[in-house]
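One structure is given below, encoded as structure tokens.
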Amino acid sequence: MKMDQPLFLNEEQVRQQLRMADLIPAMEKALIDFSASRVNQPVRSVIEVDVAAATGFLGLMPALTPDGLGLKAVTFYPSNAERGIPTHMATVFLVDPQTGTPLAIMDGRLITEMRTAAVSAAATKLLAAPDAKILAILGSGVQARSHVDALRLVRSFQEIRVWSPNKIHAENFANEIRAGAGSWHRHPADRTLAGSQCHAMAAEEAVRAADVVVTVTSSKTPVLRGAWLKPGCHVNAVGACRPDWRELDDEAMKKNVVFVDSREGAMRESGDVILSGAKIYAELGEALARKVPAPANETTIFKSLGMAVEDIAAANLVYQSYLGLSAVN
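Just so you know, the sequence shown maps onto residues 799 to 1127 in the working numbering.
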């Protein structure tokens, strides 16, 4: 289907085309391609913003991948939570790698939300115990919700525990999960399993004995202590995306097996890695490709920063799905 003008897709149009079940394997391929040096992707370029009303940053993330060429522009303003608007906003720009012709401009907020959780699901599928039953989530925002959607596709959790610095938010989140989370299914054809036990509780109580832990906070100081972690558990560390921000303490980072999405990115952007001096065991893509072994019975940490290759892969799924739907209609 030839397009004379680029597609313009808003968040709801993106939602209609993007399914978590399709996104997880797409993220596995994207990570493998990246670690195999099949992707041309510079580390994210960041402009710090400090204006009278707020502080934040603008990140620019281009990539040329085996599946496409494009750029994501993303903003992060923590104070937006107080305004009742998303802390993360983004736009993805897809380009024809053969001609440079613009193909699509689409809302990237939902893409960022979903692909981040899909990458965590890929890490959990590879690194968490097959019989993992207890999931602990530190944080109660959109990433917490998206991670429940994604991780339930790779493990059968009987109990979900949640902590948030805002107790009311944690309790509301727990109630939504117990009710089946019907208000935030990502795609009309997807269904999140209802009936899981879910409780709001203190951070240490949530983490103790958990098989899988997810940190999705905007904290700049550690919210997860290594002393709380069950031996052999798996942690997806998603927040703390700046070199002076942290979610995990030194014990969590230095005494366990650390995976990253990008070594170069982690050494430039991850305060959890930089400030702890933790040794990086491998990139997740290397382990997914079986180039390095996934350690058995070890406590594993996956430090996720997010990469343009993931955004381009997700946006390409949306674009191809939209073209297929248009061709049918």
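Note that beta-carbon positions come from the ideal geometry of N, C-alpha and C, so glycine has one too. Remember, it's a predicted structure, so these values are computed and weren't measured experimentally.
| query | What does Lys-965 pair with, by DSSP beta-bridge criteria? | reply | Along the sequence shown, one-based indexing puts residue 965 at 167. Answer by DSSP bridge pairing: none, since Lys-965 is not bridged.
| request: Take Gly-866 as the anchor and find which of Gly-1069, Ile-909 and Gly-898 has the nearest alpha-carbon. | output: Residue 866 sits at position 68 when you count from the first residue of the sequence shown. Nearest C-alpha to Gly-866: Gly-898.
| Can you tell me whether Thr-863 is buried or exposed, with buried defined as 16 or more other CB within 10 angstroms of its CB? | Here residue 863 is taken as the residue at index 65 of the sequence shown, counted from 1. Buried, by the Cβ-count rule.
| request: Specify the secondary structure class of Val-1116 as computed by DSSP and reduced to three states. | output: Counting from one through the sequence shown, the residue named residue 1116 turns up at place 318. Val-1116: helix per DSSP, three-state reduction.
| field | Leu-1082 and Ala-921 closer than 8 Å at C-beta | value | Taking the sequence shown and counting its residues from 1, the one referred to as residue 1082 is at position 284. Taking the sequence shown and counting its residues from 1, the one referred to as residue 921 is at position 123. Result yes, Cβ atoms of Leu-1082 and Ala-921 sit closer than 8 Å.
| said: Rounded to whole angstroms, what is the Cα-Cα separation between Lys-1052 and Tyr-1079? | reply: Within the sequence shown, numbered from 1, the residue matching residue 1052 stands at position 254. Within the sequence shown, numbered from 1, the residue matching residue 1079 stands at position 281. Approximately 11 Å, taken between the alpha carbons.
| query | Just to confirm, are Ala-1035 and Thr-1013 a CB contact at a threshold of 8 Å? | reply | Start at 1 with the first residue of the sequence shown, and residue 1035 comes out as number 237. Start at 1 with the first residue of the sequence shown, and residue 1013 comes out as number 215. Cβ atoms of Ala-1035 and Thr-1013: closer than 8 Å.
| Proximity below 8 Å, CB of Ala-746 to CB of Trp-961 | Residue 746 lies beyond the range of the chain shown here (799 to 1127); nothing can be said about it.
| request: Return helix, strand or coil for Phe-955, following the three-state DSSP convention. | output: Within the sequence shown, the letter at position 157 stands for residue 955. It is coil, neither helix nor strand.
| DSSP on Met-1105, reduced to helix/strand/coil? | Within the sequence shown, numbered from 1, the residue matching residue 1105 stands at position 307. Reduced to three states, the DSSP call for Met-1105 is coil.
| message | Give the list of continuous alpha helix (DSSP H) stretches no shorter than 4 residues that lie fully inside the region 816–840. | response | 818–833
| Range covered by the alpha helix (DSSP H) that runs through Asp-947 | As a first step, residue 947 is located in the sequence shown; it is residue number 149 there, counting from the start. Start and end: 940–949.
| Can you name the start and end residues of the alpha helix (DSSP H) that Val-917 belongs to? | Position 119 of the sequence shown, counted from the start, is the residue given in the question as residue 917. Its alpha helix (DSSP H) spans residues 907–925.
| Contact check, Arg-1023 vs Asp-1047, beta carbons under 8 Å | Here residue 1023 refers to the residue found at position 225 of the sequence shown. Here residue 1047 refers to the residue found at position 249 of the sequence shown. Their beta carbons are under 8 Å apart, which means Arg-1023 touches Asp-1047 by this criterion.
| message | Once DSSP output is grouped into helix, strand and coil, what is the label at Ala-850? | response | Working through the sequence shown from its first residue, we reach residue 850 at position 52. It is coil, neither helix nor strand.
| Per DSSP, Leu-936 forms a beta bridge with which residues? | What you label residue 936 is simply residue 138 of the sequence shown in a count that begins at 1. Partner(s): Trp-961 and Thr-1013.
| If we count the other Cβ atoms within 10 Å of its Cβ and call it buried at 16 or more, is Phe-891 buried or exposed? | Walking along the sequence shown from the start, residue 891 turns up at place 93. Under this definition Phe-891 is a buried residue.
| task | With a threshold of 16 other CB atoms inside 10 Å of the CB of Asn-964, please say whether the residue is buried or exposed. | result | Locating residue 964 in the sequence shown gives position 166, counting from the first residue. Per the 10 Å Cβ criterion, exposed.
| request: Quick one: measure Cβ to Cβ for Gln-896 and Glu-957, integer angstroms, because I've assumed they're closer than 8 Å. | output: As a position in the sequence shown, residue 896 is number 98, starting the count at 1. As a position in the sequence shown, residue 957 is number 159, starting the count at 1. Actually they do not touch by this definition, with Cβ atoms about 50 Å apart.
| Exposure label - Ser-918; buried when at least 16 CB within 10 Å | Numbered from 1 along the sequence shown, position 120 holds the residue referred to as residue 918. By the 10 Å Cβ count, Ser-918 comes out buried.
| From Phe-955, Arg-1088, Arg-913 and Val-837, residue whose alpha carbon lies closest to that of Pro-928 | Along the sequence shown, one-based indexing puts residue 928 at 130. The shortest C-alpha separation from Pro-928 is found at Phe-955.
| query | Nearest CA to the CA of Glu-911: which residue from Ala-926, Arg-817 and Ala-1000? | reply | As a position in the sequence shown, residue 911 is number 113, starting the count at 1. Cα-wise, what sits closest to Glu-911 is Arg-817.
| field | C-beta contact flag for Ala-916 and Leu-829 at 8 Å | value | The residue labelled residue 916 in the question sits at position 118 within the sequence shown. The residue labelled residue 829 in the question sits at position 31 within the sequence shown. No, they are not a contact pair.
| request: Could you pull the start and end residues of the beta strand (DSSP E) that Glu-1062 belongs to? | output: By 1-based counting over the sequence shown, the position of residue 1062 is 264. Unbroken run through Glu-1062 is the alpha helix (DSSP H), 1061–1067; no beta strand (DSSP E).
| request: Find out if the Cβ-Cβ distance for the pair Ala-888, Ile-909 is shorter than 8 Å. | output: For the purposes of this step, residue 888 is taken as the residue at position 90 of the sequence shown. For the purposes of this step, residue 909 is taken as the residue at position 111 of the sequence shown. Going by C-beta atoms, Ala-888 is nearer than 8 Å to Ile-909.
| For the beta strand (DSSP E) that Asn-1095 lies in, which residues bound it at each end? | The residue given as residue 1095 occupies position 297 in the sequence shown. Asn-1095 -> no beta strand (DSSP E), and no H or E assigned at all.
| request: With a threshold of 16 other CB atoms inside 10 Å of the CB of Gln-803, please say whether the residue is buried or exposed. | output: For the purposes of this step, residue 803 is taken as residue 5 along the sequence shown, with counting starting at 1. So Gln-803 ends up on the exposed side.
| message | Given this structure, state the Cα-to-Cα distance separating Phe-1057 from Ala-1112, to the nearest angstrom. | response | Residue numbering aside, residue 1057 sits at position 259 when the sequence shown is read from its first letter. Residue numbering aside, residue 1112 sits at position 314 when the sequence shown is read from its first letter. So the alpha carbons of these two residues sit roughly 22 Å apart.
| field | DSSP state of Gly-1122 mapped onto helix, strand, coil | value | Looking up residue 1122 in the sequence shown gives position 324. Residue state, collapsed to three classes: helix.
| query | Below 8 Å between beta carbons: does that hold for Ser-1017 and Gly-1037? | reply | Here residue 1017 refers to the residue found at position 219 when the sequence shown is read from its first residue. Here residue 1037 refers to the residue found at position 239 when the sequence shown is read from its first residue. Going by C-beta atoms, Ser-1017 is nearer than 8 Å to Gly-1037.
| Under 8 Å between the Cβ atoms of Phe-1100 and Val-1021? | Walking along the sequence shown from the start, residue 1100 turns up at place 302. Walking along the sequence shown from the start, residue 1021 turns up at place 223. No, these two residues do not count as a Cβ contact at 8 Å.
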